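Going line by line, the protein sequences match chains A and B. Numbering-wise (our numbering), the first sequence opens with residue 630 and increments by one. Numbering-wise (our numbering), the second sequence opens with residue 885 and increments by one.
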Amino acid sequence: GQSLEQPSEVTAVEGAIVQINCTYQTSGFYGLSWYQQHDGGAPTFLSYNALDGLEETGRFSSFLSRSDSYGYLLLQELQMKDSASYFCAVSTGANNLFFGTGTRLTVIP
Amino acid sequence: DTEVTQTPKHLVMGMTNKKSLKCEQHMGHRAMYWYKQKAKKPPELMFVYSYEKLSINESVPSRFSPECPNSSLLNLHLHALQPEDSALYLCASSQEGQLFYGYTFGSGTRLTVV
């Protein structure tokens, strides 16, 4: 099986930087992904890390440390529209994706 | 076309009914998935299809029966469901074995079992 833990809630100010952590335990590991989901919406893909290090995509960056079974999502220049739930997800094979507990991000003015 | 389309968007069914959820994509993705999501919980993987063949069944009760008629369509047949099966059912697709590009999710079918 697999387990992924994230903080349940995070609040940050518009324009600030926020980091959402994810620790995981799996049998087998292909990579760690991050998804955003607005209330009532579909999860949308943000990033994927298969190797250690930082991946940057615009205002979003994602980090992975395979030796520590740890990753994080970094959101910069926060905007009100970033208020959503964020899920880390681990793949233990080429065609599966298991989601973490989710972090609800609230951006305040 | 970069979308996954799910129908219906909402469904209310009785415990003795038979209904089907439908999912369609035209992105040429050869892997398709069903997830179940309860309120304020993460999506839970139910089934994985790879090249139209069922490759993963995450110990889902037999009252849920998936079907992949062709590379663009994925169905989920429902029969004798329980009220606890009420949830958002999400379909997703991806390029086969290409995790780097992520999954594309549909907006889901919100199912209520009465």
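Virtual Cβ for every residue (Gly too), placed ideally from N, Cα, C. Just so it is clear, the structure is predicted and the values come from calculations on it, not from any experiment.
Endpoints, the beta strand (DSSP E) within which residue i is located
i	result
F692/A	F689 to S694
I649/A	V647 to T655
H894/B	H894 to M897
N678/A	T673 to N678
Y664/A	G660 to Q666
Y699/A	Y699 to L704
F716/A	A713 to S720
L983/B	Counting along the chain, L983/B falls outside any beta strand (DSSP E), and DSSP gives it neither H nor E.
Q631/A	Q631 to E634
G990/B	No beta strand (DSSP E) contains G990/B, which DSSP labels as neither H nor E.
T735/A	T732 to I737
Q890/B	V888 to T891
L683/A	G682 to T686
Closest by C-alpha distance to residue i, when choosing among the options
i	options	result
Q631/A	S637/A, C651/A and S656/A	S656/A
K906/B	N959/B, L974/B, G986/B and M899/B	N959/B
V888/B	E908/B, E928/B, E980/B and L974/B	E908/B
A923/B	A964/B, T891/B and L974/B	L974/B
P967/B	S991/B, N954/B and L995/B	L995/B
G992/B	L938/B, W918/B, V944/B and L983/B	W918/B
G722/A	K710/A, I646/A, G660/A and L693/A	G660/A
T686/A	T730/A, V642/A and L704/A	L704/A
K937/B	V998/B, S956/B and Q890/B	S956/B
L734/A	S712/A, N724/A and V719/A	S712/A
A679/A	F658/A, H667/A and V642/A	F658/A
F674/A	V998/B, A976/B and S946/B	A976/B
A983/B	E643/A, D668/A and Y677/A	Sequence inspection shows Leu at residue 983/B; the Ala mentioned does not correspond to that position. Comparing Cα-Cα distances from L983/B to each of E643/A, D668/A and Y677/A, the minimum goes to Y677/A.
Inter-residue spacing [alpha-carbon to alpha-carbon] between residue i and residue j
i	j	result
C651/A	D697/A	11 Å
Q921/B	D681/A	30 Å
S934/B	C952/B	10 Å
Q708/A	M899/B	44 Å
T886/B	A915/B	15 Å
P672/A	E942/B	20 Å
G990/B	G670/A	9 Å
M930/B	M897/B	20 Å
S970/B	L702/A	31 Å
Y699/A	K902/B	43 Å
F716/A	Q665/A	6 Å
E706/A	E634/A	25 Å
G731/A	K925/B	7 Å
H963/B	K710/A	39 Å
I940/B	P738/A	44 Å
R649/A	L683/A	According to the sequence as given, residue 649/A is Ile; it is not Arg. Cα to Cα, the separation comes out at about 14 Å.
T891/B	N954/B	17 Å
T640/A	H667/A	15 Å
V736/A	V997/B	35 Å
Supposed contact pair residue j and residue i - C-beta distance, whole angstroms, cut 8 Å
i	j	result
G986/B	S637/A	Actually they are not in contact, since the Cβ atoms of G986/B and S637/A sit about 24 Å apart, beyond 8 Å.
F689/A	P927/B	Incorrect: roughly 20 Å between the Cβ atoms, too far for contact.
Q979/B	H910/B	About 14 Å separates the two Cβ atoms, so there is no contact after all.
V932/B	N725/A	6 Å
_Ignoring anything shorter than 3 residues, give me the beta strand (DSSP E) runs that lie fully in the stretch 905-973 of chain B, in order along the chain._
Complete beta strand (DSSP E) runs here, min 3: 915-921, 928-934, 937-941, 948-954 and 957-963.
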